[in-house]
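Undergrad:
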Amino acid sequence: MLVQRTELRNIAIIAHVDHGKTTLVDGLLKQAHVFRSNQQVAERVLDSNDLERERGITILAKNTAIRIYDAEADQQVKINIVDTPGHADFGGEVERVLNMVDGVLLLVDAAEGPMPQTRFVLRKALELGHRTIVVINKLDRRNADLDRVLNEVFDLYIELGATDAQADFPVVYTVATTGQAGLTPELGPDLKPLFDAILREIPCPTVDLDAPLQMLVTALEYDNHRGLTAIGRVFAGRLTAGQSITRLTRHGEQLPESARYLYVHEGLERVEVPAAEAGDIVAIAGLQEIAIGETLADPEHPVALPVIQVGKPTVRMSFGVNTSPLAGKEGLWSTARKLRERLSEELRHNVSLQVEETNRADTFIVSGRGELQLAILIETMRREGYEFQVSRPTVILQQDQDGQTLEPYEEVHIQTPPDTVGAVVEMLGKRRGEMVTIADASDGSVLMTYHVPTRGLLGFRYQFLSATRGMGLMSTTFYRVGPLAGRISSRSRGSLVAWEPGVATTFGLKNAEQRGISFIGPGAEVYQGMVFGEHQRLGDLDLNVCKTKHLTNMRSSIRDIEIRLITPQEMSLDRCMEYLSDDELLEVTPKSLRIRKRILDTHERGQQTKRVKEALG
Ligand SMILES: Nc1nc2c(ncn2[C@@H]2O[C@H](COP(=O)(O)OP(=O)(O)OP(=O)(O)O)[C@@H](O)[C@H]2O)c(=O)[nH]1
Ligand SMILES: [Mg+2]
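Pasting the structure below:
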């Protein structure tokens with residue numbers, strides 16, 4: 114028999130990047146009195162891992178829960194809240210957590226309006242039939258334009274094929290930073306209107322408690338203490354701590370497991386409970402083996418829930434054992450076996466990633482949703498002590514039925530000052546981008562929408578930022594797979610390559626300065642074939658940066674003048690990944706990032722370049 118669990122709501126907060134999801138969760142937690150009155154709470158408390166705090170973005174979806182009093186029903190209601198990442202590269206994360214909830218808050222920035230990722234996440238929520246509440250946030254922004262934004266949101270629902278009921282969405286206005294909400298732009302003192310909207314508009318779970326147990330695993334965690342933890346929603350039946358369960362794999366196997374430790378979410382914590390029932394979002398720890406998308410079921414009646422589908426990866430790069438002359442000095446883990454183990458571990462909880470073996474035992478191909486997703490994996494692994502080398506990211510091509518080659522395209526939204534439009538249009542034109550719209554924004558900047566092959570966007574961000582003097586805003590989201598666009602020429606400049614191993618000297622670097630921009634300073638260790646800078650022309654240039662000045666007996670008038678060097682260009686991980694060309698690799702260790710030629714030997718590399726040139730005629 115179906116029952117309505119009126120004392121429970123399960124919601125996810127979804128939006129484009131930076132529209133204020135995590136900040137709004139802060140407000141909901143605070144006003145539901147999750148913290149002690151004297152407790153110091155960090156801003157965006159859910160962005161709890163180091164990389165999230167450093168980059169100021171949410172990377173992993175996270176569960177929390179609050180309890181509020183529902184005056185109308187005269188009862189306490191528990192609201193499970195899932196905060197999701199807004200960056201397009203983590204769209205896979207959003208897609209699967211949407212399976213846990215019955216409704217969503219769709220946040221939209223009051224000035225920016227719906228952006229590409231708003232469309233992506235809303236489409237997924239509507240496909241699952243979820244009820245949505247539109248939350249127009251950042252009302253305090255100077256260029257907020259509520260009428261326009263609301264119209265655009267409505268158009269988006271229609272365009273995405275929302276049902277009449279879905280398109281009849283409630284709207285709440287908020288300023289997440291101050292924790293205020295209102296049903297009109299006149300905001301009240303707190304978020305009460307939003308709490309009320311959640312209680313009234315988001316349906317409570319309607320479930321069968323007497324049916325056989327079914328739980329869908331939508332997220333995984335691992336810790337040394339409790340082993341594997343599976344997080345997901347119980348869709349049917351009841352679950353008791355310690356009970357036997359059956360794990361149903363994607364391939365239909367049935368394997369015995371036990372629900373040793375059972376938890377539910379309360380505030381930012383997880384608390385151990387003796388039992389849970391359909392509708393609850395739970396965590397089961399102490400499992401032997403489990404993967405995302407699998408069902409945990411009643412051993413007597415094991416029935417699998419529909420498998421979670423997430424979009425395919427668009428970008429790939431190789432991860433291999435570090436083969437540079439400096440290998441093995443800075444990392445804890447550097448063997449092929451360790452690398453393979455670590456990558457398979459990642460696959461367990463990162464469903465939008467794929468890892469393939471190659472014909473070389475020391476190299477793997479890792480595919481993901483974009484450069485950022487791969488960069489986060491690289492950064493996480495290096496912090497764990499891994500040392501390895503990666504190739505330039507490339508896009509994943511596909512074939513249609515007729516054998517025609519297809520490639521992924523992105524929809525790109527750009528906001529930039531008027532005097533930089535020319536440069537941006539030219540850059541995107543060269544990258545086979547097609548302009549879809551162009552319009553003036555209310556703040557005097559120019560808004561443009563483009564469809565660009567993903568291939569053309571690899572390595573574009575840094576150039577875009579320099580061309581717009583850091584004032585341009587760009588966001589991208591997967592658009593479609595389409596026919597292969599024509600040739601897109603890659604980097605227009607070559608690399609400065611170290612000619613011999615040693616330690617870079619001021620003298621050597623001073624000489625190199627006339628030829629390009631250096632990435633290293635004096636004292637840096639280099640090896641033959643290591644890239645230490647960017648050549649100002651096409652083609653690579655091998656230089657000796659370890660050269661010391663010849664000592665002579667003659668006193669030279671300049672001898673004692675200190676040589677001043679231009680500060681080397683800082684190369685962050687993202688910048689290195691954008692910089693890499695096909696014949697280069699990035700050496701990643703816990704301490705350093707070094708770019709190198711694939712072929713280190715100067716002579717051999719010269720021969721290779723010659724052969725390639727001849728082959729191309
Ligand atoms: N002015 C103003 N700024 C806000 C408001 N809400 C959030 N912000 C700011 O917007 C920025 C992004 O906020 P987040 O909460 O990290 O946004 P998010 O949607 O969680 O971002 P991702 O998780 O990375 O997609 C932060 O600098 C917030 O302080 C608001 O109501 N008004
Ligand atoms: Mg966030």
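114 is the number of the first residue of the sequence shown in this note's numbering; add one for each residue after it. Ideal Cβ positions, reconstructed from N, Cα and C, are used throughout, including at glycine.
1. Tell me whether the beta-carbon of L115 lies closer than 8 Å to the beta-carbon of T353.
2. Considering only C-alpha positions, which residue in the set R455, A554, Y522, S447 is nearest to T529?
3. How far does the alpha helix (DSSP H) with P306 in it reach, from first residue to last?
4. Who are the Cβ neighbours of R672 in its own chain at under 7 Å, not counting the five residues just before and after it?
5. In the region 552-596, which residue ranges form an unbroken beta strand (DSSP E) of at least 3 residues, counting only runs that do not cross its ends?
6. Pairing CB atoms from the region 626-639 with CB atoms from the region 555-574, are three or more of them under 8 Å?
7. Run the CB neighbour count on L713, radius 10 Å, all protein chains shown included, and call it buried at 16 or more, exposed below.
8. For the alpha helix (DSSP H) that contains A396, what are its first and last residues?
9. Please determine whether the Cβ atom of D798 lies at a distance below 7 Å from any heavy atom of ligand 1.
10. On the criterion of 16 or more Cβ atoms from any shown chain inside 10 Å, does E390 qualify as buried, or is it exposed?
11. Any idea which residues DSSP pairs W446 with across the strands?
12. Can you name the start and end residues of the alpha helix (DSSP H) that H716 belongs to?
13. If D215 and L326 are in contact, beta carbons under 8 Å, what's the gap, nearest whole angstrom?
14. Apart from the five residues on each side of it in sequence, which residues of its chain come closer than 6 Å, Cβ to Cβ, to I551?
15. Could you tell me which residues DSSP pairs with L181 in its beta bridges?
16. Which residue wins for smallest C-alpha separation from L445, given the options L466, D187, V701?
17. Whole angstroms are fine: how far does the CA of Q467 sit from the CA of G595?
18. Please classify D131 as buried or exposed, where buried requires at least 16 neighbouring CB atoms within 10 angstroms.
19. Rounded C-beta distance between H200 and I170? I'm assuming under 8 Å.
20. Just to confirm, are T135 and L159 a CB contact at a threshold of 8 Å?
21. Decide if T581 is buried, meaning its Cβ has at least 16 other Cβ atoms within 10 Å, or exposed.
22. Where does the unbroken beta strand (DSSP E) through D321 begin, and where does it stop?
23. Measure the Cβ-Cβ separation of M430 and L341 and say whether it is below 8 Å.
24. Kindly list the residues whose CB is nearer than 7 Å to the CB of E265, restricted to its own chain and excluding five residues on each side of it in sequence; keep chain order.
25. Please go through the same chain and pick out, in chain order, the residues whose beta-carbon is closer than 8 Å to the beta-carbon of L333, but skip the five residues on each side of it.
TA: Taking the coordinates as given:
1. For the purposes of this step, residue 115 is taken as residue 2 along the sequence shown, with counting starting at 1. For the purposes of this step, residue 353 is taken as residue 240 along the sequence shown, with counting starting at 1. Cβ distance not < 8 Å, so L115 and T353 don't count as in contact.
2. The count along the sequence shown starts at 1 and reaches residue 529 at position 416. It is A554 whose Cα lies nearest to the Cα of T529.
3. Along the sequence shown, read from residue 1 onward, the residue named residue 306 stands at position 193. Segment 305-314, the alpha helix (DSSP H) holding P306.
4. Reading the sequence shown from its first residue, position 559 is the one you call residue 672. Its pLDDT being 49, under 50, R672 is placed unreliably by the model, and nothing is read from it.
5. 559-566, 586-596
6. no
7. Taking the sequence shown and counting its residues from 1, the one referred to as residue 713 is at position 600. Classification of L713: buried, given that the 10 Å Cβ count is 16 or more.
8. Counted from its first residue, the sequence shown places residue 396 at position 283. Counting along the chain, A396 falls outside any alpha helix (DSSP H), though it belongs to the beta strand (DSSP E) covering 394-400.
9. The requested residue 798 is not part of the displayed model; the chain covers only 114 to 730.
10. Position 277 of the sequence shown, counted from the first residue, corresponds to residue 390. Buried, by the Cβ-count rule.
11. Reading the sequence shown from its first residue, position 333 is the one you call residue 446. W446 is bridged to Y499.
12. Taking the sequence shown and counting its residues from 1, the one referred to as residue 716 is at position 603. Note, H716: alpha helix (DSSP H), 715-729.
13. One-based indexing of the sequence shown puts residue 215 at position 102. One-based indexing of the sequence shown puts residue 326 at position 213. Rounded, the Cβ-Cβ distance is 19 Å, inconsistent with contact.
14. Within the sequence shown, the letter at position 438 stands for residue 551. When the five nearest sequence neighbours on each side are left out, the beta carbons in the same chain lying within less than 6 Å of the beta carbon of I551 are those of M561, in order along the chain.
15. Taking the sequence shown and counting its residues from 1, one reaches residue 181 at position 68. Residue 181 is actually Ile in this sequence, not Leu. In the DSSP output, where bridge partners are listed per residue, I181 has V190.
16. Indexing the sequence shown from 1 puts residue 445 at position 332. Per the Cα distances, V701.
17. For the purposes of this step, residue 595 is taken as residue 482 along the sequence shown, with counting starting at 1. For the purposes of this step, residue 467 is taken as residue 354 along the sequence shown, with counting starting at 1. Distance between the alpha carbons of G595 and Q467 is about 22 Å.
18. In the sequence shown, the residue the question calls residue 131 occupies position 18. Result: buried.
19. Residue 200 sits at position 87 when you count from the first residue of the sequence shown. Residue 170 sits at position 57 when you count from the first residue of the sequence shown. A Cβ-Cβ separation of about 6 Å places H200 in contact with I170 under the 8 Å criterion.
20. The residue given as residue 135 occupies position 22 in the sequence shown. The residue given as residue 159 occupies position 46 in the sequence shown. With a cutoff of 8 Å on beta-carbon distance, T135 and L159 are scored as near each other.
21. Taking the first residue of the sequence shown as 1, we reach residue 581 at position 468. T581 should be labelled buried.
22. In the sequence shown, counting from the first residue as 1, residue 321 sits at position 208. Unbroken beta strand (DSSP E) run through D321: 319-321.
23. Numbered from 1 along the sequence shown, position 317 holds the residue referred to as residue 430. Numbered from 1 along the sequence shown, position 228 holds the residue referred to as residue 341. Cβ atoms of M430 and L341: not closer than 8 Å.
24. Position 152 of the sequence shown holds residue 265. The residues are G226, P227.
25. In the sequence shown, the residue the question calls residue 333 occupies position 220. Cβ neighbours of L333 beyond the five flanking positions: L341, T342, A343, I344, I403, A404, I405, R461, H462.
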